[in-house]
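Just so you know, we're using this note's numbering here: the sequence shown kicks off at 311 and counts up by one.
Ideal Cβ positions, reconstructed from N, Cα and C, are used throughout, including at glycine.
All values reported here derive from a predicted model rather than from experimental measurement.
Quick notes on the structure that follows.
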Amino acid sequence: GGDGLRAEGPVFEVEDVVRHKVKDGKDFYLIKWKGYDEASWEPDGNIIGQDLVSLKEAAKQRSAGKAGASKGNAKHKSKKKVKEDAKKGDVRKKGTKHTAS
311 GGDGLRAEGP VFEVEDVVRH KVKDGKDFYL IKWKGYDEAS WEPDGNIIGQ
361 DLVSLKEAAK QRSAGKAGAS KGNAKHKSKK KVKEDAKKGD VRKKGTKHTA
411 S
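Quick look at the structure:
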């Protein structure tokens, strides 16, 4: 059986597959790791798991959409992210609002 297959090093849990790119003819995915703030680019061979296939496909479509005709909902997604970041306390990204003092 395939039980003998073990990944080298520690195994990290994937929260989301953010983006896809091709470098030197190989597939790379931008991985958001569970429990970590930073995402990292990983070669396809590092991302093992049947449940990740759909996430990888979604990332491919997202990245392909970015290069081609940009769809409206992709814009909404990035806007949402900025809002979430602002909630965390980094308000500088949003620019200063005029408030009556």
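(request) Assign V327 to one of two classes, buried (16 or more other C-beta atoms within 10 Å of its C-beta) or exposed (fewer than that). (result) In the sequence shown, residue 327 corresponds to position 17, counting from 1. Counting Cβ neighbours within 10 Å, V327 comes out buried, since at least 16 surround it.
(message) In the DSSP assignment, the beta strand (DSSP E) including D337 goes from what residue to what residue?
(response) Counted from its first residue, the sequence shown places residue 337 at position 27. Per DSSP, D337 belongs to the beta strand (DSSP E) from 336-343.
(message) Checking the sheet assignment: what are the DSSP bridge partners for E352?
(response) Walking along the sequence shown from the start, residue 352 turns up at place 42. For E352, which the question treats as bridged, DSSP gives the partners Y339.
(message) Per DSSP, what are the beta-bridge partners of D326 in this structure?
(response) Taking the sequence shown and counting its residues from 1, the one referred to as residue 326 is at position 16. According to DSSP, D326 bridges with K342.
(request) Using a threshold of 8 angstroms, state whether the C-beta atoms of K331 and F322 are closer than that. (result) Translated into positions along the sequence shown, residue 331 becomes position 21. Translated into positions along the sequence shown, residue 322 becomes position 12. It is not a contact, given that the beta carbons lie outside the stated cut-off.
(message) Could you tell me the alpha carbon to alpha carbon distance between I357 and A349, rounded to whole angstroms?
(response) Numbered from its first residue, the sequence shown carries residue 357 at position 47. Numbered from its first residue, the sequence shown carries residue 349 at position 39. Spanning the two alpha carbons is a distance of roughly 13 angstroms.
(message) Measuring alpha carbon to alpha carbon, tell me which residue in G335, G319, Y346 is nearest D354.
(response) In the sequence shown, residue 354 corresponds to position 44, counting from 1. Of the listed residues, the one whose Cα sits closest to D354 is G335.
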